[in-house]
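Worksheet: the structure to be examined is printed underneath.
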Amino acid sequence: MSRPSGTLLEAIAATAGTPTYVYSAESLETATRRWVAAAGDPGRIYFAAKANTNLAVLDRLRGTGIGIEVATAGERARAERAGFPRTRILLGGVPKSADVVAEGIGSGLALVVLQADHEVDAAVAAADPALPTRVGLRVRPGIRAGAHPSLETGRADAKFGYAPEEVVDAWSRLAATPGLDPDVLAVHLGSGIGSLEPWDRALDVLLDLAERLAAHGTPVREFDLGGGLGVDYESDDDPDPSALIQRVDRRLEGTGLSSRFEPGRSVVARAGFLVTRVLYRREHGGKPALVCDAGFTDFARFALYGAQHRIEALDGATSGPATVDVLGPTCESGDVIGTDRSLHEVRPGDLLVVRDVGAYGFVMASNYNSRPRPAEVMLENGRFRVVRRRESLEDLWRGEPAP
Ligand code: LLP
Numbered sequence: 001m002s003r004p005s006g007t008l009l010e011a012i013a014a015t016a017g018t019p020t021y022v023y024s025a026e027s028l029e030t031a032t033r034r035w036v037a038a039a040g041d042p043g044r045i046y047f048a049a050k051a052n053t054n055l056a057v058l059d060r061l062r063g064t065g066i067g068i069e070v071a072t073a074g075e076r077a078r079a080e081r082a083g084f085p086r087t088r089i090l091l092g093g094v095p096k097s098a099d100v101v102a103e104g105i106g107s108g109l110a111l112v113v114l115q116a117d118h119e120v121d122a123a124v125a126a127a128d129p130a131l132p133t134r135v136g137l138r139v140r141p142g143i144r145a146g147a148h149p150s151l152e153t154g155r156a157d158a159k160f161g162y163a164p165e166e167v168v169d170a171w172s173r174l175a176a177t178p179g180l181d182p183d184v185l186a187v188h189l190g191s192g193i194g195s196l197e198p199w200d201r202a203l204d205v206l207l208d209l210a211e212r213l214a215a216h217g218t219p220v221r222e223f224d225l226g227g228g229l230g231v232d233y234e235s236d237d238d239p240d241p242s243a244l245i246q247r248v249d250r251r252l253e254g255t256g257l258s259s260r261f262e263p264g265r266s267v268v269a270r271a272g273f274l275v276t277r278v279l280y281r282r283e284h285g286g287k288p289a290l291v292c293d294a295g296f297t298d299f300a301r302f303a304l305y306g307a308q309h310r311i312e313a314l315d316g317a318t319s320g321p322a323t324v325d326v327l328g329p330t331c332e333s334g335d336v337i338g339t340d341r342s343l344h345e346v347r348p349g350d351l352l353v354v355r356d357v358g359a360y361g362f363v364m365a366s367n368y369n370s371r372p373r374p375a376e377v378m379l380e381n382g383r384f385r386v387v388r389r390r391e392s393l394e395d396l397w398r399g400e401p402a403p
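Position 190 of the sequence shown, counted from 1, bears residue number 190 in my numbering, the numbering being contiguous throughout.
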């Protein structure tokens with residue numbers, strides 16, 4: 001996906017101000033259609049809403065026929081507001097309150113994935129034979145997927161899901177409950193995974209469990225292989241979902257098992273651009289820094305994971321050695337957007353663009369320092385529209401009684 005032109009980004013900054021997230025409709029479609037083409041059926045793909053919940057983005061994705069994985073009541077409400085029918089909403093296998101599980105049971109969702117005893121208890125209590133619900137169990141396969149330690153979720157010591165030896169018991173409880181139809185085993189190995197090999201190891205664990213559950217007379221019909229496919233933040237080399245899907249399909253051939261996926265990052269990351277204005281320049285010890293109006297409150301991925309996204313001047317020109325740091329304006333030295341960039345010609349007042357921020361960008365923004373969260377803009381066929389206005393100062397104290 002090429003970057004929107006400097007002229008267009010200038011125009012967006014002039015209209016919407018900075019910092020602003022810009023999403024390319026074309027890039028959203030391209031990435032989603034790659035997944036759909038690889039899967040051969042949009043019904044196998046459930047976009048992980050946590051990566052980006054802007055209603056205009058969700059509306060685009062809905063239009064391609066895929067489903068959506070939601071983790072919270074808020075994500076579910078957004079998915080429904082964006083027009084996803086419940087039959088295409090999957091309540092995912094992340095830690096949930098009993099209330100969220102209970103609301104999911106009997107409500108017509110595509111699938112509810114449970115991942116701890118209190119969730120199974122809530123599902124059993126809410127089950128209604130008149131409104132049967134497909135349910136699944138998330139397994140913790142004990143795999144290190146090679147992602148950032150904060151983003152590895154399939155490790156033996158992770159807080160998510162059931163250890164393989166715990167699955168039969170929980171599954172039997174579900175199978176014994178009228179109104180619950182357990183038929184899916186789910187994993188999510190982590191996020192930002194660079195190789196396909198972890199899925200092979202996960203399939204070993206899942207296939208073994210499927211055999212055991214079939215022997216119990218309560219067969220598994222489908223594996224949910226989660227999200228996790230990484231994006232190369234240093235280049236334009238797009239991740240290839242078809243390699244992953246083909247590999248999984250080959251393993252499942254002849255087993256009668258089907259599979260589904262919950263990609264987030266690989267669907268939306270490339271489509272997002274964060275436009276920010278440089279406030280001033282600083283030199284310390286020969287190391288120049290640009291302090292700009294986007295901070296870690298707007299884009300947290302470097303501060304949280306040391307993630308280096310490409311940061312470019314609008315004309316794309318690079319200059320001099322890659323020693324320029326890009327910092328945010330808030331009151332902490334850890335407020336960093338990226339380091340060691342080649343941006344020597346950039347001057348105060350210039351615009352910068354941070355690339356591949358469509359996933360886990362705006363959704364992780366905060367109001368720290370009482371900073372209103374940025375605007376979001378959708379770009380399509382060279383035209384743009386604001387799809388979330390910048391927060392106002394009044395938004396900052398919404399819900400607080402006037403003193
Ligand atoms: N399914 C489940 C159950 C998940 O927990 C996640 C991500 C996904 C699917 C989607 O994974 P993806 O395809 O996006 O890797 N804030 C972090 C990412 C956290 C991901 C959490 N779970 C970041 O900025 O990198």
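Glycine residues also receive a C-beta, built at the ideal position from the N, C-alpha and C atoms.
Every value quoted in this text rests on a predicted model; they were computed, and no experiment measured them.
1. Using only alpha-carbon positions, find the residue among Arg3, Ala39, Thr32 and Thr20 that is nearest to Ala243.
2. Which residue or residues does DSSP assign as beta-bridge partners of Asp325?
3. Out of curiosity, what's the CA-to-CA distance linking Pro321 and Asp249?
4. Quick check: is any heavy atom of the ligand LLP less than 6 angstroms from the C-beta of Gly264?
5. Given 6 angstroms as the limit, tell me if Ala51 has its C-beta closer than that to any heavy atom belonging to the ligand LLP.
6. For the alpha helix (DSSP H) that Ile245 lies in, which residues bound it at each end?
7. Distance check for Val36 and Arg265, CA to CA, integer angstroms please.
8. Considering only heavy atoms of the ligand LLP, does any lie closer than 6 angstroms to the CB of Ser191?
9. Here's the rule: buried if 16 or more other CB atoms are within 10 angstroms of the residue's CB, otherwise exposed. What is His188?
10. Can you tell which of Val113, Thr15, Arg355 and Val22 has the C-alpha that lies nearest to the C-alpha of Ser235?
11. Name the two residues that bound the continuous beta strand (DSSP E) containing Gly306.
12. Whose C-alpha, out of Ile337, Glu283 and Leu174, is nearest the C-alpha of Ala307?
13. Is Thr330 helix, strand or coil when you go by DSSP?
14. Pick from Pro85, Ala202 and Arg212: whose alpha carbon is nearest that of Asp224?
15. Ser24 bridges to which residues according to DSSP?
16. Using a threshold of 6 angstroms, is the CB atom of Arg301 nearer than that to any non-hydrogen atom of the ligand LLP?
17. Excluding the 5 residues flanking Pro219 on each side, which residues of the same chain have their C-beta closer than 8 angstroms to its C-beta?
18. With 16 other CB atoms within 10 Å as the buried threshold, where does His309 fall?
19. Nearest CA to the CA of Thr30: which residue from Ala271, Glu376 and Pro288?
20. Taking 6 angstroms as the cut-off, does the CB of Val94 come closer than this to any heavy atom belonging to the ligand LLP?
21. Considering Cα atoms alone, identify which of Arg78, Leu290, Asp335 and Arg301 is closest to Arg345.
22. Could you tell me if the beta carbon of Ala48 falls within a distance shorter than 6 angstroms of some heavy atom in the ligand LLP?
23. From the DSSP secondary-structure annotation, give me the bridge partner or partners of Val135.
24. Do Ala408 and Ile193 have their CB atoms nearer than 7 angstroms?
25. Which two residues bound the contiguous alpha helix (DSSP H) that contains Leu352?
26. Hey, could you find the ends of the beta strand (DSSP E) Gly338 is sitting in?
27. Can Tyr360 be considered in contact with the ligand LLP, in the sense that its beta carbon sits closer than 6 angstroms to one or more heavy atoms?
This is what the structure holds:
1. The closest CA to that of Ala243, considering only Arg3, Ala39, Thr32 and Thr20, is found on Ala39.
2. Answer is Ala289.
3. Between the C-alpha atoms of Pro321 and Asp249 there is a straight-line separation of about 46 angstroms.
4. Checking the 6 angstroms criterion, the Cβ of Gly264 is within range of a heavy atom belonging to the ligand LLP.
5. Under cutoff, so the answer is yes.
6. Here the alpha helix (DSSP H) through Ile245 covers Pro241 to Leu252.
7. Answer to the nearest angstrom: the Cα atoms are 15 angstroms apart.
8. Checking every heavy atom of the ligand LLP against the Cβ of Ser191, one is found closer than 6 angstroms.
9. Counting the other CB atoms within 10 Å of its CB gives His188 a total of 16 or more, which places it among the buried residues.
10. The shortest C-alpha separation from Ser235 is found at Arg355.
11. Unbroken run through Gly306: none, as it is neither H nor E.
12. Here the closest residue by C-alpha is Ile337.
13. Three-state result, Thr330: coil.
14. Checked all of Pro85, Ala202 and Arg212; the closest Cα to Asp224 is Ala202.
15. Paired residues: Leu379.
16. Checking the Cβ of Arg301 against the ligand LLP gives yes.
17. For Pro219, where only same-chain residues beyond five positions count, the Cβ hits under 8 angstroms are Asp183, Ala210 and Leu213.
18. Around the beta carbon of His309, a 10 Å sphere encloses 16 or more other beta carbons of the protein chains shown; the residue is thus reported as buried.
19. It is Ala271.
20. Result yes, Cβ under 6 angstroms from the ligand LLP.
21. What sits at residue 345 in the sequence shown is Glu, not Arg. Out of Arg78, Leu290, Asp335 and Arg301, Leu290 has the C-alpha closest to the C-alpha of Glu345.
22. Yes, the Cβ of Ala48 comes within 6 angstroms of a heavy atom of the ligand LLP.
23. Paired residues: Val112 and Pro182.
24. Nothing can be reported for residue 408, as the shown portion of the chain is limited to 1 through 403.
25. Where Leu352 is concerned, there is no enclosing alpha helix (DSSP H), although the beta strand (DSSP E) around it starts and stops at Leu351 to Arg355.
26. Gly338 -> beta strand (DSSP E) spans Val336 to Arg341.
27. Yes, the beta carbon of Tyr360 sits closer than 6 angstroms to at least one heavy atom of the ligand LLP.
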